[in-house]
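Visitor: Numbering (this note's numbering), first residue to last: 1108 to 1386.
Even glycine gets a Cβ: it sits at the ideal position worked out from N, Cα and C.
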């Protein structure tokens, strides 16, 4: 018996996840003007961010095709788990589900299940870790699916960004009250709703105060959820990520913290300085 865990490329893999042989990323495509960038292992974050800065076009992302997902399902494993970006933010989930339906028509024996993360980036990573934990403990397929779905309903994703431009211009902030962040130096603390859309949790004047509020919110979640692990993803903000980790571990010294640099999709929407935390 064997298993595979697939994340679309908005979900970062830790080095241990990459080396385990059980994980795979399916790349989205990033578009800046006429240029297309595949969000795979060749992605160059620094060059991509420079390209965005030099372009007057709004960068966009395109989800993987059902064919891409189907190819990854053909892995010879008995159980395949897929974790995608929130269905409210991307077509990745629907694409993976269509691939699941088509794949099962050809191979009714391999078990494939697609999880809507209702999150992104660090949230997808956290879910992938939970699936592996269930599998490695010997949990059967049906119970793993049930356990992870319940985990997704309970988990939280919180983030602060220095620039909301690309989220807003790509329609990811629908329903969120517009904030004059650049004019007033107001930094919103954002989170994921239970449905997987983006909401504002709080706001602060300046990044230092915003990080402090972010940490307070995360500490509350850690207490409420009795969290054993959390994931921090950052875009060119390693010092901020370490600072957040240290403050959390001051209160919860036994919690396991994973820090990842964002891949292409999360780099596009988070921008330089962005921090995403899932617990």
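#1: Where does residue 1137 land, buried or exposed, given buried means 16+ other C-beta within 10 angstroms?
#2: Once the 5 residues before and after residue 1143 are set aside, which same chain residues still bring their CB inside 6 Å of it?
#3: May I ask you to report which of helix, strand or coil DSSP gives residue 1181?
#4: Between the beta-carbon of residue 1371 and the beta-carbon of residue 1164, is there less than 7 Å?
#5: I need the boundaries of the alpha helix (DSSP H) containing residue 1347, first residue and last residue.
#6: Mark residue 1360 as exposed unless 16 or more other C-beta atoms lie within 10 angstroms of its C-beta, in which case mark it buried.
#7: Looking at C-alpha atoms only, which residue of 1230, 1235, 1229 is the closest neighbour of residue 1110?
#8: Taking 7 Å as the cut-off, decide whether the C-beta atoms of residue 1193 and residue 1171 are in contact.
#9: Is it buried or exposed, residue 1287, if we count other Cβ atoms within 10 angstroms and call 16 or more buried?
#10: Can you check whether the CB of residue 1237 is closer than 7 Å to the CB of residue 1258?
#11: Restricting to Cα atoms, I'd like to know which of 1115, 1157, 1248 is closest to residue 1054.
#12: Rounded to whole angstroms, what's the CA-CA distance from residue 1229 to residue 1308? Just pull it up for me.
#13: Can you grab the Cα-Cα spacing for the pair residue 1274 / residue 1376, in whole Å?
#14: Look at residue 1265 and residue 1322 and say whether their C-beta atoms are less than 7 Å apart.
#15: Helix, strand or coil: how does DSSP classify residue 1208 here?
#16: Report all residues from its chain with a CB closer than 8 Å to the CB of residue 1261; omit the five preceding and five following residues, and keep chain order.
#17: Residue 1188 to residue 1123, Cα distance in whole Å?
#18: In the DSSP assignment, what residue or residues form a beta bridge with residue 1295?
#19: Span of the beta strand (DSSP E) holding residue 1221?
#20: Note the first and the last residue of the continuous beta strand (DSSP E) segment covering residue 1143.
#21: Alpha carbon to alpha carbon, what distance is there between residue 1317 and residue 1296?
#22: Relative to the ligand SAH, is the shortest distance from any of its heavy atoms to the C-beta of residue 1204 smaller than 6 Å?
#23: Should residue 1327 be labelled buried (16 or more other beta-carbon atoms within 10 Å of its own) or exposed?
#24: Tell me, to the nearest whole angstrom, how far the beta carbon of residue 1196 is from that of residue 1128; I am working on the premise that it is less than 8 Å.
#25: In whole angstroms, what separates the C-alpha of residue 1298 from that of residue 1248?
Guide: Let me lay it out:
#1: Within the chain shown, the letter at position 30 stands for residue 1137. Its Cβ being crowded by 16 or more others within 10 Å, residue 1137 is buried.
#2: Locating residue 1143 in the chain shown gives position 36, counting from the first residue. 1136, listed in sequence order.
#3: Start at 1 with the first residue of the chain shown, and residue 1181 comes out as number 74. Note: residue 1181 maps to coil in three-state DSSP.
#4: If you number the chain shown from 1, residue 1371 lands on position 264. If you number the chain shown from 1, residue 1164 lands on position 57. Their beta carbons are not under 7 Å apart, which means residue 1371 does not touch residue 1164 by this criterion.
#5: Indexing the chain shown from 1 puts residue 1347 at position 240. Element bounds for residue 1347: 1345–1358.
#6: Within the chain shown, residue 1360 is the residue found at index 253, counting from 1. That one is exposed.
#7: Counted from its first residue, the chain shown places residue 1110 at position 3. When only C-alpha atoms are compared, the closest one is 1235.
#8: Here residue 1193 is taken as the residue at index 86 of the chain shown, counted from 1. Here residue 1171 is taken as the residue at index 64 of the chain shown, counted from 1. Contact: no.
#9: Along the chain shown, one-based indexing puts residue 1287 at 180. Reliability fails at residue 1287, whose pLDDT of 49 lies under 50, so the model's placement of it is uncertain and no value is given.
#10: Residue mapping note: residue 1258 aligns to position 151 of the chain shown, counting from 1. Residue mapping note: residue 1237 aligns to position 130 of the chain shown, counting from 1. Yes, the pair counts as a contact, with Cβ atoms nearer than the cut-off.
#11: Outside the displayed range of the chain (1108 to 1386) lies residue 1054, so it cannot be described from this structure.
#12: Residue mapping note: residue 1229 aligns to position 122 of the chain shown, counting from 1. Residue mapping note: residue 1308 aligns to position 201 of the chain shown, counting from 1. Whole-angstrom Cα-Cα distance: 18 Å.
#13: One-based indexing of the chain shown puts residue 1274 at position 167. One-based indexing of the chain shown puts residue 1376 at position 269. C-alpha separation (whole angstroms): 6 Å.
#14: By one-based count along the chain shown, residue 1265 stands at place 158. By one-based count along the chain shown, residue 1322 stands at place 215. No, these two residues do not count as a Cβ contact at 7 Å.
#15: By 1-based counting over the chain shown, the position of residue 1208 is 101. It is helical.
#16: In the chain shown, counting from the first residue as 1, residue 1261 sits at position 154. So the list reads 1332, once near-sequence residues are dropped.
#17: Position 81 of the chain shown, counted from the start, is the residue given in the question as residue 1188. Position 16 of the chain shown, counted from the start, is the residue given in the question as residue 1123. Between residue 1188 and residue 1123, the C-alpha separation is close to 18 Å.
#18: Counting from 1 along the chain shown, the entry for residue 1295 is found at position 188. Bridge partners of residue 1295: 1310.
#19: Reading the chain shown from its first residue, position 114 is the one you call residue 1221. Where residue 1221 is concerned, the enclosing beta strand (DSSP E) stretches over 1218–1223.
#20: Locating residue 1143 in the chain shown gives position 36, where the first residue counts as 1. First-last of the beta strand (DSSP E) with residue 1143: 1142–1145.
#21: Along the chain shown, read from residue 1 onward, the residue named residue 1296 stands at position 189. Along the chain shown, read from residue 1 onward, the residue named residue 1317 stands at position 210. Roughly 7 Å between the two C-alpha positions.
#22: In the structure shown, the ligand SAH is absent, as is every other ligand, since no ligand is present at all.
#23: As a first step, residue 1327 must be located in the chain shown, where it is residue number 220. By the 10 Å Cβ count, residue 1327 comes out exposed.
#24: Numbered from its first residue, the chain shown carries residue 1196 at position 89. Numbered from its first residue, the chain shown carries residue 1128 at position 21. In fact, because the Cβ distance is near 29 Å, the residues do not count as touching under 8 Å.
#25: Start at 1 with the first residue of the chain shown, and residue 1298 comes out as number 191. Start at 1 with the first residue of the chain shown, and residue 1248 comes out as number 141. Approximately 30 Å between the Cα atoms of the pair.
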